[in-house]
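In my numbering, the protein residues as written are 10 to 469.
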């Protein structure tokens, strides 16, 4: 994905190129799966016979099925492509969630700085959106006698120093209502909220006197989106960095630059480019689709449509080439898949960022093209006919017998019959020659003649 992104400098096109490469690499596996499915259908009657015959003896049934697998039956031939597809999907999801890690290769310290700044801005915006909380919040931040973060040190029994951070100290005589009434809130004060440190943000989130509106906004911001172990923090921070004003300019660019003093101008340029390149035809692939009516809805809808289309095409070819196989229970399984898979694709697309759903939909679209091509150039009926001819040839070879003649001291002949398996024409020829020579030798000894071995293959 990084190589594709470096090539085109756009997240959407990088996903498309990556998906094409992956699908092309998996084409041999898909062809092999197509062949295996067609060949397995030839074994279906024998499998059903074994299952019915040994339905009360699972051990014997497994033994017979194992013998069948040695002949070419492969019941798990199509599992590999499914497993690989899901493994790659999980990898793509990780790449989409962590574009700063995977696309521009920021180190953990740089990512932490960007995330910390974005968190302060999002917390400040949540507070600014609730005027009834302004005075209380500003009083928290201004009056050190009201609330402070104190670092204390203690010594354990071994004399080791233990530091305790972020202990909250409240004055006993502080009156919250009076403090709120006494504080004058200015625009500069509100802007200064964007400079909040992580320590003060933790204090604010723990303040039970904030309105439910702000608390309901702050809690997921701090404890989910921007939590240390959160998978979403890079995307959330990048989306904050990408925010624009009415003129289309970066809304918080100056604030980020002032706080990201450790980042080089080259790194900031990469961040600028990444924030631009996350958009694909106006859709931010770093945002998560919701049921709100906007451009992001296109991703889940297309994923649903392409998933359903792929299953319809698969059913069409299966019915066309194997009508007897698609009857009864098999048809019921396909109908269940037709309902569940598109719904699963829709669910996935609403629970991950749009980039992951975009990859999922593009995979289905290319999968449709692959299904048409594989069924055109490797049709199941042709594969099955070739496999059937090969099986019949093998069966015929197994039916051949080797007859050897042994002569005892009294001149009595004894024929020994052995079955042979899959002999070549040359091997069969040699065995027939030996058989003829043994018969001639026995006759010569019986009638007192001298036997002369012939080198001429035409003699027999």
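C-beta: ideal position from N, C-alpha, C; glycine also.
Residue 292 - partner residues in DSSP beta bridges: 289
Three-state secondary structure (DSSP) of residue 253: strand
Enclosing alpha helix (DSSP H) for residue 49 [first to last residue]: 20-62
Neighbour-count burial assignment, residue 439, 16 or more Cβ in a 10 Å radius: exposed
For residue 259, the residue or residues it bridges with in DSSP: 253
Closest by C-alpha distance to residue 294, when choosing among 372, 286 and 326: 286
CB of residue 319 within 9 Å of CB of residue 361, strictly: no
DSSP state of residue 156 mapped onto helix, strand, coil: Because the pLDDT at residue 156 is just 40, under 50, the model does not fix this residue reliably, and the value given afterwards should be weighed accordingly. Note: residue 156 maps to coil in three-state DSSP.
CB contact flag (residue 250, residue 280, <9 Å): yes
Simplified DSSP state of residue 387, which is helix, strand or coil: coil
Among 47, 226, 18 and 39, nearest to residue 328 - alpha-carbon criterion: 47
Residue 303 classed as buried or exposed, judged by whether at least 16 other C-beta atoms fall within 10 angstroms: exposed
Per-residue burial, residue 243 [other beta carbons within 10 Å of its own, 16 or more giving buried]: buried
Cβ neighbour criterion (16 or more within 10 Å) applied to residue 92: exposed
Under 9 Å between C-beta atoms of residue 393 and residue 51: yes
Neighbourhood of residue 63 by C-beta, 7 Å cutoff - its chain only, sequence neighbours within 5 removed: 69, 70 and 73
Sufficient close CB pairs (3 or more, under 8 Å) joining the segment 114-121 to the segment 371-387: no
Residue 110 and residue 265 closer than 9 Å at C-beta: no
Start-end ranges of the alpha helix (DSSP H) lying completely within the segment 100-144, minimum 4 residues: 108-111 and 117-137
8 Å Cβ shell around residue 299 - same chain, five flanking residues per side excluded: 305 and 359
Neighbourhood of residue 228 by C-beta, 7 Å cutoff - its chain only, sequence neighbours within 5 removed: 214
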